[in-house]
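Quick note, the sequence shown lines up with residues 189 to 257 if you use my numbering.
Think of the CB as a built atom: it goes at the ideal place given N, C-alpha and C, for glycine as much as any other residue.
What you are looking at is a predicted structure, and each value in this text was computed from that prediction instead of being measured.
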Amino acid sequence: MATKKPLPYWLDGGPETCALCGHTHVLQAQRRCAACDRPNCEHCVTVNRETGEVLCHECLEAAGTEENA
Ligand SMILES: [Zn+2]
Ligand SMILES: [Zn+2]
Numbered sequence: 189m190a191t192k193k194p195l196p197y198w199l200d201g202g203p204e205t206c207a208l209c210g211h212t213h214v215l216q217a218q219r220r221c222a223a224c225d226r227p228n229c230e231h232c233v234t235v236n237r238e239t240g241e242v243l244c245h246e247c248l249e250a251a252g253t254e255e256n257a
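Structure follows, in structure tokens:
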């Protein structure tokens, strides 16, 4: 009997769809942008280390807050 290991549920798509890349994911892996309030996958957001604010890459670019001082 061949035992086929199913993918972990968080890697095997999900009911949620990322607004940016269209990747499907489970709600637990979702990051919601603080600016546009769209649901994104964790790969399409950046978390501000200082404020903890979550911004999608589109809003991050629009805000132009890339201050790599
Ligand atoms: Zn994404
Ligand atoms: Zn956004």
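Looking at the structure shown, is residue 257 part of a helix, part of a strand, or coil, going by DSSP?
Because the pLDDT of residue 257 is 48, which lies under 50, any placement of that residue in the model is unreliable, and the question is left without a value.
Please identify the residue among 191, 222 and 247 whose C-alpha is closest to the C-alpha of residue 241.
It is 222.
To the nearest angstrom, how far is the alpha carbon of residue 227 from that of residue 201?
One C-alpha to the other measures close to 15 Å.
Which one or two residues does DSSP pair with residue 218 in a beta bridge?
Per DSSP, 229.
Is the beta carbon of residue 213 sitting closer than 8 Å to the one on residue 206?
Contact flag set, yes.
I'd like to check one pair, residue 244 with residue 233: are the Cβ atoms closer than 8 Å?
Yes, these two residues count as a Cβ contact at 8 Å.
Closer than 5 Å from C-beta to any heavy atom of ligand 2: which residues, in chain order?
Having a Cβ closer than 5 Å to some heavy atom of ligand 2 are 221, 223, 224, 244 and 247.
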